[in-house]
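Notes follow the structure.
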Amino acid sequence: AADDVRALGAQPAGLLRITLPQLAASLLVMPHLAEFQRRYPEVQLELFTEDRFSDLVLGSFDAGIRMHAMLQKDMIAVPIDNGQR
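Mapping to full-length UniProt numbering: the sequence shown position 77 is 77, numbers consecutive.
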């Protein structure tokens, strides 16, 4: 049984819904999309590009990418770049 659990966790799979501004999609996601799909073929990625603030919970999103935006109180922020331009 433990081997079965390890095998299930070895390769990410399933639907991943992300909301992000168009600029973030163009600069941060699209350049890496082909490599992501090659590495994780079992992940179905749904990107919702919109420049307005979307509620992650109400929109049933798994994650959101924000550029200089305030987060809701119950959300956790993780930087995805080193802040240098």
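Just so you know, even glycine gets a beta-carbon here, dropped at the ideal spot from N, CA and C. For clarity, every value in this text was computed on a predicted model and none was experimentally measured.
Spanning the alpha carbons of Ala77 and Gln44 requires a straight line of approximately 23 Å. With a cutoff of 9 Å on beta-carbon distance, Leu20 and Phe53 are scored as not near each other. Between Asp81 and Ile18 the beta-carbon gap is near 16 Å, outside 8 Å, which marks them as no contact. When secondary structure is reduced to three states using DSSP, Gln11 falls in the coil class, being assigned neither helix nor strand.
Here Leu16 has Val43, Leu45 and Asp62 as same chain residues with Cβ atoms under 6 Å from its own Cβ, once five neighbours each way along the sequence are excluded.
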